[in-house]
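Comments concern the structure below.
2 protein chains.
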Amino acid sequence: MSDLERLVQLLSKLPGLGPRSGRRAALALLKRRETLLEPLAAALAAAARNIRACSECGNLDTTDPCSICADARRDPGLLCVVEDVADLWAIERTKSFAGRYHVLGGTLSAIDGVGPDELRIPKLVERARGAREVVIALNATVEGQTTAHYVAERLGETGASVTRLAHGVPVGGELDYLDEGTLAAALKARRPL
Amino acid sequence: MSDLERLVQLLSKLPGLGPRSGRRAALALLKRRETLLEPLAAALAAAARNIRACSECGNLDTTDPCSICADARRDPGLLCVVEDVADLWAIERTKSFAGRYHVLGGTLSAIDGVGPDELRIPKLVERARGAREVVIALNATVEGQTTAHYVAERLGETGASVTRLAHGVPVGGELDYLDEGTLAAALKARRPL
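Sequence lines, in order, name chains A and B.
Numbered per my numbering, the first sequence spans residues 6 to 198.
Numbered per my numbering, the second sequence spans residues 6 to 198.
Quick look at the structure:
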């Protein structure tokens, strides 16, 4: 396989890219050698060398513990359980969470052989013993909710209070386009105006 | 900027990816270090080191002249003019062209300052002097066709016969969904059955 075919093949494996867009990406890279190709090669090499999972929370960072776990201003008594680092980033972008995280790295799945140990749940239970509250911020999918129930049960013994994200109408969302489940949940959880 | 932010930023610049899919791609890479991240870093470095534009036709390859120009079985009397290496690949996939190529690398654009010299048209004219036929396979867009007309005019002096791709109904296409221009062209170019 030529260098070019190999590059296209690997780019095609990125999420969101396929064989066709992989080819386009390879050509774009080769057209922009100094500004894109070489910097990306260097960034990937640096990432491979420097980025690791935080042994405390599972976040990805160049330091271990990660910059969030090492930040003394972040409340160690408030933990937020997320499925993935992408979800951690999404919550960080809201700038409205001052606690720490616990990244499970997936959801429970008997079929794929993902059990509590693979999801670092024993470590979560250990961390939760010192915590006041654990917010479960898993995806509102079947897999996410199954995992959430299991996690909540396991956290029962820790003494931390276990909460979950609210369901409701997305900000800026139109009722007409909302599914019935969300709308019913928003109605049930209505609040004084 | 952290290593991770830098990686996301560069991935987001790939065609077909944005900030969100750039983040997803970065996480996918970090989850698959040995099978994706490290091979991609190596493939990019190899591409930066080894792949160059063929000085004859403009194709991208690890050799100069490229493997197509160097292939004695490919008819040097038949040239195919394409806008981009992606178009060259598209024609190669048909396995129905046994000549050689000339990659312009874009279309004429007064606004962007792309003139005949930027598109390697003098080199094309030079190559066409030794050729029997030049097939112009530029995109059927306004820019592509403007460039095609200019190229055809410049090739007038070379003695090579200048042809273009046929317009018509795409194979497997439904008439009902086809634009009028294509259908009119297909009707005009009808052939005995």
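Cβ coordinates follow ideal geometry from the N, Cα and C atoms, glycine included.
CB contact check: residue i to chain A, cutoff 8 Å
i	result
B:LEU15	yes
B:LEU19	yes
B:SER7	yes
B:THR99	no
B:ILE56	yes
B:VAL174	no
B:LEU113	no
B:LEU170	no
B:LEU35	yes
Residues that residue i bridges to, as DSSP identifies them
i	result
B:SER114	B:VAL119
B:ASP80	B:GLY104
A:VAL87	A:VAL108
A:GLU43	Answer by DSSP bridge pairing: none, since A:GLU43 is not bridged.
B:GLU138	B:LEU83 and B:SER166
A:ARG57	A:ASP66
Best match in the options for proximity to residue i [C-alpha to C-alpha]
i	options	result
A:GLY110	A:ARG134, A:LEU83, A:THR152 and A:LEU45	A:THR152
A:GLY135	A:ASP117, A:ALA165, A:ARG25 and A:LEU65	A:ALA165
A:LEU45	B:ARG38, B:ALA53 and B:GLU39	B:ALA53
A:VAL174	A:GLY104, A:LEU192 and A:GLU131	A:LEU192
A:THR51	B:LEU9, B:LEU19 and B:ARG57	One point to set straight first is that residue 51 of chain A is Ala, not Thr, in the sequence displayed. It is B:LEU9.
B:GLY142	B:ALA194, B:THR187, B:GLY23 and B:LEU93	A small correction: the amino acid at residue 142 of chain B is Ala; Gly does not occupy that position in the sequence shown. Out of B:ALA194, B:THR187, B:GLY23 and B:LEU93, B:LEU93 has the C-alpha closest to the C-alpha of B:ALA142.
B:ARG57	A:CYS85, A:VAL90, A:LEU42 and A:GLU61	A:LEU42
B:CYS71	B:VAL90, B:LEU188 and B:LEU49	B:VAL90
B:ARG98	A:ILE96, A:LYS100, A:SER114 and A:ARG25	A:ARG25
B:ARG38	A:ARG29, A:LEU15 and A:THR40	A:LEU15
B:ARG4	A:ALA95, A:GLU162 and A:GLU131	Only positions 6 to 198 of chain B appear in the structure, and residue 4 of chain B is not among them; the question remains open.
B:ASP80	B:VAL13, B:VAL130, B:VAL140 and B:SER7	B:VAL140
A:SER7	B:ALA48, B:LYS18, B:VAL13 and B:LEU35	B:ALA48
B:LYS18	A:LEU12, A:ALA31 and A:ASP117	A:ALA31
A:ARG159	A:VAL86, A:ARG11 and A:LEU34	A:VAL86
B:TYR155	B:CYS74, B:SER114 and B:GLU185	B:SER114
B:VAL147	B:ASP117, B:THR112 and B:ILE116	B:THR112
A:LEU12	B:ASN55, B:GLY161, B:ALA33 and B:ASP76	B:ASN55
A:SER60	A:LEU34, A:GLU131, A:ARG78 and A:LYS36	A:GLU131
Residue i: CB within 7 Å of a non-hydrogen atom of the ligand HEM
i	result
A:ARG25	In the structure shown, the ligand HEM is absent, as is every other ligand, since no ligand is present at all.
Cβ of residue i within 8 Å of any chain B Cβ
i	result
A:ILE141	no
A:ALA46	yes
A:LEU49	yes
A:ALA207	Because chain A in this structure spans residues 6 to 198, residue 207 of chain A falls outside the shown range and cannot be described.
A:ILE96	no
A:SER60	no
A:SER26	yes
A:ARG38	yes
A:GLU138	no
A:THR152	no
A:THR146	no
A:ARG11	yes
A:VAL90	yes
A:LEU42	yes
Presumed contact (8 Å Cβ cut-off) between residue i and residue j, rounded CB distance
i	j	result
B:GLY149	B:GLU88	6 Å
B:LEU22	A:GLY23	So it is not a contact: roughly 12 Å between Cβ atoms.
A:GLU138	A:THR187	Between A:THR187 and A:GLU138 the Cβ distance is about 25 Å, and since that is not below 8 Å, they are no contact.
B:ALA229	B:ALA171	Because chain B in this structure spans residues 6 to 198, residue 229 of chain B falls outside the shown range and cannot be described.
B:ALA133	B:THR163	4 Å
B:LEU84	B:GLY104	6 Å
Flag this pair as touching only if the region 105 to 119 of chain A and the region 53 to 70 of chain A have three or more C-beta atom pairs under 8 Å; answer yes or no.
yes
Using 8 Å as the cut-off, can you tell me whether the region 111 to 124 of chain A makes contact with the region 175 to 182 of chain A, which would need three or more C-beta pairs spanning the two stretches below that distance?
no
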